[in-house]
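K.L.:
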Amino acid sequence: MEWDAELYDGQHGYVGAYGTALVQLVRDEAARRGEGAERLRILDVGCGTGAHLDALAEIGPVTGIDSSPEMLEKARGGHPDATLVEADACALPFEGAFDVVFSNAVFHWVPDQVALLKSVAGVLDDGGLLVAEMGAHGNIARIEEGYTQALRKHSGDYSGRFCFPREGAYRRLLGIAGFEVELMEAFDRPTPLPDGREGLRRFAEQFFAKSLNLYREDERAAILDDLEQACEDDLWDDGAGCWVADYRRLRFTARKVRSVRGAGGMAQLSVLGS
1 MEWDAELYDG QHGYVGAYGT ALVQLVRDEA ARRGEGAERL RILDVGCGTG AHLDALAEIG
61 PVTGIDSSPE MLEKARGGHP DATLVEADAC ALPFEGAFDV VFSNAVFHWV PDQVALLKSV
121 AGVLDDGGLL VAEMGAHGNI ARIEEGYTQA LRKHSGDYSG RFCFPREGAY RRLLGIAGFE
181 VELMEAFDRP TPLPDGREGL RRFAEQFFAK SLNLYREDER AAILDDLEQA CEDDLWDDGA
241 GCWVADYRRL RFTARKVRSV RGAGGMAQLS VLGS
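Per the UniProt record's numbering, the sequence shown runs over residues 1 to 274.
#1: Grab the span of the beta strand (DSSP E) containing V110 for me, first residue to last.
#2: Whose CA, out of I176, P111, P194, lies closest to the CA of F164?
#3: Closer than 6 Å by C-beta to G78: which residues in its own chain qualify, once you throw out the five before and the five after it? Chain order, please.
#4: Which runs of the alpha helix (DSSP H) spanning at least 4 residues fall entirely within the stretch 186-234, listed in chain order?
#5: Whose CA, out of S259, V100, Q113, lies closest to the CA of R33?
#6: With a threshold of 8 Å, are at least 3 pairs of Cβ atoms found where one atom belongs to the stretch 223-233 and the other to the stretch 144-160?
#7: Does the stretch 232-249 come within contact of the stretch 119-131, defined as at least 3 CB pairs closer than 8 Å?
#8: Give me, in chain order, the residues of the same chain whose beta-carbon lies closer than 6 Å to that of V244; leave out the 5 immediate sequence neighbours on both sides.
#9: Reducing DSSP to helix, strand and coil, say where R172 ends up.
#10: Determine the direct distance from the alpha carbon of L224 to that of R201, and round the result to whole angstroms.
#11: Just to check my reading of the structure: A186 and A136 have Cβ atoms closer than 8 Å, yes? What is that Cβ distance to the nearest angstrom?
#12: Taking Cβ to Cβ, would you say A82 is nearer than 8 Å to A89?
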């Protein structure tokens, strides 16, 4: 997927803002190790335009990776001294090099969660900590439902590309990948979208770009009109003058307690929503 870094920062800057609590969990890990310990080596998986690089760099040396050259170009502009690498999260080019892997609002974009967690485990030193937040089961359910309804009016259909797991299923998957879960919580986070009436359209243009781009410009406009109509009653806040996305998040920390050579039973946990 090609990302528009300017659009993402302009319309979805709240994603980075909501990562503050996640960064605090990395600070807590540094405090747990004590003042005499070496500074944490941190990998930011899916660093995007670099929303968390400065805060993480205060804790320890940080490397950011992203698969999008557009995002990394913007990150380099704002963080010229940062170590940034274009890489696939499922094939990280490091081995045992980090004490903490940090990731905010990225994991749910990855179809192959087995490969992702194996890759993350591979770059963590023994006893290293994964600190992450992603969409949980039910995240943007009303928006996806409205988008499906809109596409069907135009002889299309929508097959969700996101991984929004239930707590129990993801806890089991982490365990199979060699992690011991220390914190896991799912919670609702109703999220006001910027730009008033245009907010839901711009959200859809970024997050549903792959399917929207299959249609002509006039068809896309009609689909977005129908999406707004489908979501109006549930997601438009007239008093605030904005759309409120039905976000639901899964936040967790998990410590690497063993190495896993093969996928093994991980392949059996194929339906993370179950």
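From the three backbone atoms N, C-alpha and C, an ideal C-beta is built for every residue, glycine too.
None of these values were measured; they are calculated from a predicted model.
P.N.:
On the basis of the coordinates in this document:
#1: In the DSSP annotation of this structure, V110 is not part of any beta strand (DSSP E), being labelled neither H nor E.
#2: The residue with the shortest Cα to Cα distance from F164 is P111.
#3: Non-local beta-carbon contacts of G78 in its own chain, meaning distances under 6 Å to residues more than five positions away in sequence, involve G50 in chain order.
#4: Runs found: 199-207, 209-212.
#5: Measuring from the Cα of R33, the nearest candidate turns out to be V100.
#6: Touching, yes.
#7: Between the stretch 232-249 and the stretch 119-131 there are fewer than three inter-stretch CB-CB distances shorter than 8 Å, so the stretches are not counted as touching.
#8: P190, P192, L235, D237, listed in sequence order.
#9: Residue state, collapsed to three classes: helix.
#10: C-alpha separation (whole angstroms): 6 Å.
#11: About 4 Å; that satisfies the 8 Å criterion.
#12: The criterion of a C-beta distance shorter than 8 Å is not satisfied by A82 and A89.
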